[in-house]
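As structure tokens, the structure follows; a few thoughts come after it.
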Amino acid sequence: MNLSLSCRIAEGFLSKEEATLTFEELADLAVAAGYGAICMRASQIGVETPEAEVRRARDVLDERGLGVSMVSGDFDVVYNNERAPAMLRDIGRYLDFAEALGAPMIRVCLKTEEDIAAAQAAADEAAERGLGLVHQCHIRSLFETVDEIVRVLEVIGRENFGLIYEAANLEQCGQDYGVETIRRLAPWMRNVYLQNQRLGADGAITLETWCVGAVAFDVIEIDEGGGIDFAEVMRGLREIGYEGPVTVHQSAPEDEGMSSLEAAQRTAAFLNGL
95 MNLSLSCRIA
105 EGFLSKEEAT
115 LTFEELADLA
125 VAAGYGAICM
135 RASQIGVETP
145 EAEVRRARDV
155 LDERGLGVSM
165 VSGDFDVVYN
175 NERAPAMLRD
185 IGRYLDFAEA
195 LGAPMIRVCL
205 KTEEDIAAAQ
215 AAADEAAERG
225 LGLVHQCHIR
235 SLFETVDEIV
245 RVLEVIGREN
255 FGLIYEAANL
265 EQCGQDYGVE
275 TIRRLAPWMR
285 NVYLQNQRLG
295 ADGAITLETW
305 CVGAVAFDVI
315 EIDEGGGIDF
325 AEVMRGLREI
335 GYEGPVTVHQ
345 SAPEDEGMSS
355 LEAAQRTAAF
365 LNGL
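Convert by adding 94 to the 1-based position in the sequence shown; the result is the number in my numbering.
Pasting the structure below:
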């Protein structure tokens, strides 16, 4: 398994801009917990980061033997807000950023049908540089439901435009995320995000979806029961022969008695056990 650790581990669930660890601390944590790559986010390094800091981040990664599985270059894309699709029309600097970190793919966002043509053009530009664009299964985007995900990907029709499979967002949208869905999405799967949740009307967090309205849930650690069926997810990934990154996309631990390192180690041990 190609385990990748998202910078999300050094962010709170609702605060995606302020990092709780320095980049050196995050890289050391990834190595200590057994991960081979970082999934980069703007809370650490993004397109607005000065070039000297980006070069230093690359040095930190190289010194520790870590790769970068993917980049999310700005805060708009991680917040999935109305400004996020603008990056499709200014993709060049995101490609520069990915190249500077040695990352093979860039996360993007589509909100409207008009964004599809922009995604095609951006993918063509990325292909000239040997890079890929990927979209997460995500609420309030064109990638909420499985049927819609397949439709949009088929319309985009670019080999280098793929999917970040994410079970939790699919569950929030009332979608099956198991083996059958994984089989259906297999042609486009380029990254796998794993985070855990327990749905329930009394959940501490409520998010609005386009397809089913408000959804309440609690964030729980990946190895806690009663949430996402990760054994089922792993069965599906094995069945399709998936060989890409498996990214732990869990936010900083809610339990004040648990450090980010302990959470990352527990998660790695749990996933490797599956």
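The beta carbon of each residue, even a glycine, is placed where N, CA and C say it ideally should be.
What is the residue span of the alpha helix (DSSP H) that residue i lies within?
i, result
"residue 340", "Note, residue 340: premise wrong, no alpha helix (DSSP H); beta strand (DSSP E) at 339-342."
"residue 355", "354-367"
"residue 276", "273-279"
"residue 327", "324-333"
"residue 172", "169-173"
"residue 436", "Coverage of the chain is limited to positions 95 through 368, which leaves residue 436 absent and any answer about it impossible."
For residue i, which residues in the same chain have their Cβ closer than 7 Å to its Cβ, ignoring the five residues on either side in sequence?
i, result
"residue 176", "205"
"residue 185", "216, 219, 220"
"residue 214", "250, 252"
"residue 111", "137, 169"
"residue 362", "97, 127, 128, 129"
"residue 187", "141"
Hey, how far is the Cα of residue i from the Cα of residue j?
i, j, result
"residue 345", "residue 102", "5 Å"
"residue 183", "residue 222", "16 Å"
"residue 279", "residue 230", "12 Å"
"residue 140", "residue 125", "21 Å"
"residue 325", "residue 368", "6 Å"
"residue 147", "residue 351", "32 Å"
"residue 165", "residue 319", "30 Å"
"residue 113", "residue 354", "12 Å"
"residue 116", "residue 328", "32 Å"
"residue 179", "residue 200", "13 Å"
"residue 172", "residue 234", "12 Å"
"residue 197", "residue 308", "35 Å"
"residue 238", "residue 271", "12 Å"
"residue 348", "residue 357", "10 Å"
"residue 255", "residue 202", "10 Å"
"residue 207", "residue 145", "34 Å"
"residue 359", "residue 118", "17 Å"
"residue 227", "residue 310", "30 Å"
"residue 109", "residue 341", "20 Å"
"residue 262", "residue 343", "10 Å"
"residue 210", "residue 244", "13 Å"
"residue 174", "residue 366", "30 Å"
"residue 212", "residue 189", "15 Å"
"residue 240", "residue 275", "7 Å"
"residue 381", "residue 193", "No answer is possible for residue 381: the residues shown for the chain start at 95 and end at 368."
"residue 337", "residue 301", "32 Å"
Which residue comes first and which comes last in the beta strand (DSSP E) that contains residue i?
i, result
"residue 263", "Counting along the chain, residue 263 falls outside any beta strand (DSSP E), though it belongs to the alpha helix (DSSP H) covering 261-266."
"residue 114", "Where residue 114 is concerned, there is no enclosing beta strand (DSSP E), given that its DSSP letter is neither H nor E."
"residue 300", "299-302"
Under 6 Å Cβ to Cβ from residue i, same chain only, skipping five residues before and after it: list those, please.
i, result
"residue 268", "306"
"residue 290", "314, 316, 321, 322"
"residue 260", "230, 231, 287"
"residue 247", "282"
"residue 264", "231, 271"
"residue 104", "113, 114, 115, 120"
"residue 167", "140, 141, 188, 191"
Using DSSP's beta-bridge definition, name the partner residues of residue i.
i, result
"residue 312", "292"
"residue 131", "98, 161"
"residue 141", "BP columns for residue 141 are empty, so no partner."
"residue 202", "229"
"residue 286", "259, 340"
"residue 166", "135"
In chain order, what residues of the same chain have a beta carbon less than 8 Å from the beta carbon of residue i, not counting five sequence neighbours either side?
i, result
"residue 312", "291, 292, 294, 297, 298, 299"
"residue 339", "96, 97, 98, 131, 133, 163, 164, 285, 286"
"residue 122", "158"
"residue 242", "236"
"residue 273", "326, 329, 330, 333"
"residue 304", "233, 234, 238"
"residue 195", "134, 139, 148, 151, 152, 155, 162, 165"
"residue 277", "330, 333, 334"
_List, from N- to C-terminal side, the beta strand (DSSP E) runs of 3 residues or more that fit wholly inside the segment 208-256._
226-230
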